[in-house]
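Here's the structure we're looking at; comments come further down.
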Amino acid sequence: MLNSSYLRRHNEVVRCIHLHLCRQYGIRKTKRLKTHSVQSVVSNEFVEIRVDTTISTDTAVANNKPDIFVHDKVRNTITLIEVGITSQNYLKQVEVEKFHKYDLLANKLEAIHHAKVKVIPVVMTWDGIVSRFFKGHLDVLKLEERVRVFRQWF
Numbered sequence: 001m002l003n004s005s006y007l008r009r010h011n012e013v014v015r016c017i018h019l020h021l022c023r024q025y026g027i028r029k030t031k032r033l034k035t036h037s038v039q040s041v042v043s044n045e046f047v048e049i050r051v052d053t054t055i056s057t058d059t060a061v062a063n064n065k066p067d068i069f070v071h072d073k074v075r076n077t078i079t080l081i082e083v084g085i086t087s088q089n090y091l092k093q094v095e096v097e098k099f100h101k102y103d104l105l106a107n108k109l110e111a112i113h114h115a116k117v118k119v120i121p122v123v124m125t126w127d128g129i130v131s132r133f134f135k136g137h138l139d140v141l142k143l144e145e146r147v148r149v150f151r152q153w154f
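Per full-length UniProt numbering, the sequence shown starts with residue 1, numbered consecutively.
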C-alpha cells in the first residue's frame, strides 16, 4: 500500500475517533465528520484530549507521542489510543506492537497522575479487516455502531 494511502486512512480514523470523543465529552456538538477539524489539544472541565502531541513525563520515555491521549478528569482515567493500518498478514503483529508500545509511558502516567491508564490499539487492514479483539477495544471507547461502520469505509 502506498504511504500516502496509509496516512490518509490513518488520519481519517483518528479524525473519526476524535469527533466521537469530542461529542461524548461535550466539547463539540457537530455530527458532520467532513467539517470536523482535529486540533492538537482540546479540553473542558471534564476532559483533555490531545492528538499527536508529545506527553511529558519526569524521565525520558522513547514512545511518548500516542495518536490520541484522553485524560478523563472526572473518572481519573487516561486512555492512550494508537491507530494502525496494515496488511492482513501483519494484522495480529501490529495490534500487539501497538498495544505494548506505550507500556512504559502508561506506567509513568499512572505514577504521575495517580490515574488508571489504558492503551487501546485500533488496528485494521487497508481494506477494513479487523482482528477478533477489535470490537472489545472499541467497546471501551463506547464508539457508536454507525461510527464503527463509517470508519471502516475509509
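Cβ coordinates follow ideal geometry from the N, Cα and C atoms, glycine included.
In this structure, DSSP gives Val-119 an extended state, which the three-state scheme calls strand. Taking a contact to require three or more Cβ pairs closer than 8 Å, the region 118 to 128 and the region 35 to 49 do not qualify as touching. Residue burial is scored here from C-beta neighbours: Lys-29 has fewer than 16 other C-beta atoms within 10 angstroms and is therefore classed as exposed. If you draw a straight line from the Cα of Asn-107 to the Cα of Trp-126, it comes to about 31 Å. Here Arg-9 is buried: its Cβ has 16 or more other Cβ atoms, across all protein chains shown, within 10 Å. Between the alpha carbons of Ala-62 and Lys-34 lies a gap of roughly 34 Å.
With a cutoff of 7 Å on beta-carbon distance, Leu-143 and His-20 are scored as near each other.
For Asp-52, no alpha helix (DSSP H) run applies, since DSSP gives it neither H nor E. Between the alpha carbons of Asn-3 and Val-83 lies a distance of about 15 Å.
According to DSSP, residue pairing for Phe-69 in a beta bridge involves Arg-50, Leu-80.
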